[in-house]
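Novice: Have a look at this one before I ask anything.
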Ligand SMILES: Cc1cc2nc3c(=O)[nH]c(=O)nc-3n(C[C@H](O)[C@H](O)[C@H](O)COP(=O)(O)OP(=O)(O)OC[C@H]3O[C@@H](n4cnc5c(N)ncnc54)[C@H](O)[C@@H]3O)c2cc1C
C-alpha cells in the first residue's frame, strides 16, 4: 500500500503540530504527521513531571487553540506573572489538539511509532514494516530541532554501581529516600531541579549544584505579553533595543542588558558568555542563590560513592546522595538552510526565540504566498545561539524578517492578530488617543532603528574578536 498525501510532516512536536494546525485553517490540503514517539507533543512526552514552559502559556502551542486560562500565578517564585503550563498540561494540550481538531478534520492522518527514513519511506519502529508514501505537494521537516532530554539520553559521565544517578523524572518519587542531592547541569533542567528541591522543602545546605557553564537568563518580568503588563514590557523592549544600539561588543551588550534589568545572572562575580534564552524570575534566582555549594570545576567525568571527579579537580561526596543528571543539551547548534525549497519545507526558527510562532508563520506563508522566493524573503532562518555573540548575530535576520513581514499587508495583518506572536496584537490594539502608550511604542521604534544602525559594526567587532 502506498500512502498518498499532500504534505508529509516529519515530527509531531510543537513544530509539526503548529504547522499542521495553521495549514488546516488556511487550505484544504491533506497531511500525514509521522513521529517515532507513540503520542503527539514531541520531547514534552519524556520531560520530567515538574517541567514548566519558560514562557507564558498564552503564546505557546498552536495558533488556533489557546493554552492555559490567562491566569496569573498566585504562589511560588513566579507569583504575579502569567501562568506557565506544566508538563502534564502541555501533553494534555497536544492530545486534545490531535483528538478534537486535527483528526476529526478528516484531512490529517497521524502515524505514531513511525519514522521517515532518509529515502523518504515510512518505517514502523515496532514491527520494522516499511510503507511507501506519495507526496503530492511537499515534505515538511519538523524534526530539525528534535530536542534531546535526560530521560532518553545517557549521561556523559560514568558512575560506580553503588552510586544513584537518575534523570530529573525520578526526583519526585525518590526525594524522601536520600539525605543529600547533587544536581549536575546549569541549563534550564538543572535550574528546574534546584528550584523544585527548594520549593518542596529540601534545606539548601543539603543541595550541591555542579555547574558546567554560567549563562545569562531572560528576566521573566519583561516577557509578559498581556495588556496589564504593557508599560513594563514595551518600555523594556525600548531599553533592550537601546542596549543593542549602544553596545560596542558582546560583553558590553550583556552588561547593558543586565543594567536595564532584561538579563539576569546567577553570580554577579562571574561574567557568563552563554545565552540559550532560558527565562527566570527574580524569585527563582533567589531560590537558586540559596544553594551555596556551587561547584565550577568543569564537566563531571566519574562519580564514586565518596568522590566526584571533574575536568578540573575532585570533590568529596556523601555516599547518601541522589545525583540528578541534567547534562543533556536540549538543542545543540544546528546548521541552517533555506526554509522553502521546491519540494521541501524545513521548519526553523525565523523569530527569536519563538519556535511555535515560526512554524505557524511558515505554514501561513506556504498557504498564502505564491512563490518560494517571496516566502523565503520573509523567513531567513536564525542560527540557534550558544553564546551572547551568537545571539547578537541571530538578531540581524530576526530584525530583517520582522521588517519584511511588517511591509507585507497580508502578512502584517496575520502577525498582528497572531496568538503565538504574543506582543504585536497588544501593540496593534493601542488607540490613537492613548498618548502614553503611543509614546512608549514610538520609543521602541526609534530604538529599533538605532539598533539596526549598530548591527554591522557590532557584528564586525564580534567577528574580529573571535
Ligand atoms: C525543558 C524545556 C523547556 C522548554 N520551554 C520552552 C518554552 O517555554 N518556549 C519555547 O518556545 N520553547 C521551549 N523549549 C524549546 C523547545 O525546543 C520547543 O518549545 C519545542 O518543543 C520544540 O519542538 P519541536 O517539535 O521542534 O521538537 P521536538 O519536541 O523534539 O519534536 C520533534 C519530534 O520529531 C520526531 N522525529 C525526529 N526525527 C524523526 C523522523 N525521522 N521520523 C519521524 N519522527 C521524527 C521526534 O520523535 C520528536 O517527537 C523548551 C525545551 C525544553 C527542553
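Numbering (our numbering), first residue to last: 451 to 916. Glycine residues also receive a C-beta, built at the ideal position from the N, C-alpha and C atoms.
May I ask you to list the residues that DSSP assigns as paired with residue 564?
Specialist: Answer by DSSP bridge pairing, in chain order: 574.
Novice: Using a threshold of 7 Å, is the CB atom of residue 457 nearer than that to any non-hydrogen atom of ligand 1?
Specialist: Outside the cutoff, so no.
Novice: Would residue 625 and residue 652 be called neighbours here (beta carbons separated by less than 8 Å)?
Specialist: Cβ atoms of residue 625 and residue 652: closer than 8 Å.
Novice: Classify residue 545 as helix, strand or coil using the three-state DSSP reduction.
Specialist: Reduced to three states, the DSSP call for residue 545 is helix.
Novice: Taking only heavy atoms of ligand 1 into account, decide whether any of them is closer than 7 Å to the Cβ of residue 597.
Specialist: Within the cutoff, so yes.
Novice: Return the bridge partner residues of residue 588 from the DSSP annotation.
Specialist: Paired residue(s): 457.
Novice: Using the C-alpha atoms, what's the distance from residue 677 back to residue 633?
Specialist: Approximately 38 Å, taken between the alpha carbons.
Novice: Which one of 493, 550, 840, 737 has the shortest CA to CA distance from residue 599?
Specialist: Among 493, 550, 840, 737, the Cα nearest to that of residue 599 belongs to 493.
Novice: Please determine if the segment 804-817 and the segment 690-704 are in contact, where contact requires at least 3 C-beta pairs separated by less than 8 Å.
Specialist: Short answer: they don't touch.
Novice: Between which two residues does the beta strand (DSSP E) holding residue 672 run?
Specialist: Careful: residue 672 lies outside any beta strand (DSSP E) and carries neither H nor E.
Novice: Quick one: what does DSSP say residue 857 is sitting in, helix, strand or coil?
Specialist: In the structure shown, residue 857 sits in coil (DSSP, three-state: anything other than H, G, I, E or B).
Novice: For residue 761, which residues from the same chain have a beta carbon less than 7 Å from its beta carbon, with the 5 sequence-adjacent residues on both sides left out?
Specialist: Excluding residues within five positions, the ones whose Cβ falls inside 7 Å are 747, 748, 749, 751.
Novice: Kindly list the residues whose CB is nearer than 8 Å to the CB of residue 478, restricted to its own chain and excluding five residues on each side of it in sequence; keep chain order.
Specialist: Closer than 8 Å at the Cβ level, and outside the excluded window around residue 478, lie 557.
Novice: Select from 759, 805, 635 the residue whose C-alpha is nearest the C-alpha of residue 776.
Specialist: Out of 759, 805, 635, 635 has the C-alpha closest to the C-alpha of residue 776.
Novice: Residue 576 to residue 799, Cα distance in whole Å?
Specialist: If you take the alpha carbons of residue 576 and residue 799, they lie about 32 Å apart.
Novice: Using CA atoms only, rank isn't needed, just tell me which of 739, 724, 673 is closest to residue 711.
Specialist: Answer by Cα proximity: 673.
Novice: Comparing the CB of residue 510 with every heavy atom of ligand 1, is any distance shorter than 7 Å?
Specialist: Yes; taking the cut-off as 7 Å, the Cβ of residue 510 has a heavy atom of ligand 1 nearer than that.
Novice: Can you give the beta carbon distance from residue 537 to residue 497, rounded, assuming they're within the 8 Å contact cut?
Specialist: About 5 Å separates the two Cβ atoms, so the contact holds.
Novice: Nearest by alpha-carbon distance to residue 595: which of 463, 656, 865, 627 is it?
Specialist: The shortest Cα separation from residue 595 among 463, 656, 865, 627 belongs to 463.
Novice: Applying the 10 Å Cβ sphere with the 16-neighbour rule, what's the burial state of residue 451?
Specialist: Exposed, because fewer than 16 other Cβ atoms sit within 10 Å of the Cβ of residue 451.
Novice: From residue 621 to residue 789, what distance separates their C-alpha atoms?
Specialist: If I take the Cα positions, the gap works out to 39 Å.
Novice: Would you kindly check if the distance between the Cβ of residue 545 and the Cβ of residue 489 is under 8 Å?
Specialist: The answer is yes: Cβ separation under 8 Å.
Novice: May I ask whether a heavy atom of ligand 1 can be found less than 7 Å away from the beta carbon of residue 593?
Specialist: Checking every heavy atom of ligand 1 against the Cβ of residue 593, one is found closer than 7 Å.
Novice: Taking the alpha carbon of residue 507 as the point to measure from, which residue in 781, 534, 648, 715 has its own alpha carbon closest?
Specialist: If we check each option's Cα against that of residue 507, 534 comes out closest.
Novice: From this set, 572, 772, 834, which residue's C-alpha is nearest residue 781's C-alpha?
Specialist: Residue 834 is the option with its Cα nearest to residue 781.
Novice: Which of the three DSSP states is assigned to residue 763 in this structure?
Specialist: Strand at residue 763.
Novice: Output the boundary residues of the alpha helix (DSSP H) element that contains residue 659.
Specialist: Taken as a continuous stretch (DSSP letters only), residue 659 belongs to no alpha helix (DSSP H), being part of the beta strand (DSSP E) at 657-660.
Novice: Just grab the DSSP bridge partners of residue 666 for me.
Specialist: The partner list for residue 666 (beta bridge, DSSP) reads 725.
Novice: Do you know whose CA, among 470, 549, 691, lies nearest residue 588's CA?
Specialist: Checking every option, the nearest Cα to that of residue 588 belongs to 470.
Novice: According to DSSP, is residue 796 part of a helix, a strand, or is it coil?
Specialist: It is a strand residue.
Novice: Could you round the C-beta distance between residue 688 and residue 894 to whole angstroms and report it? I think they count as a contact, below 8 Å.
Specialist: Rounded, the Cβ-Cβ distance is 5 Å, consistent with contact.
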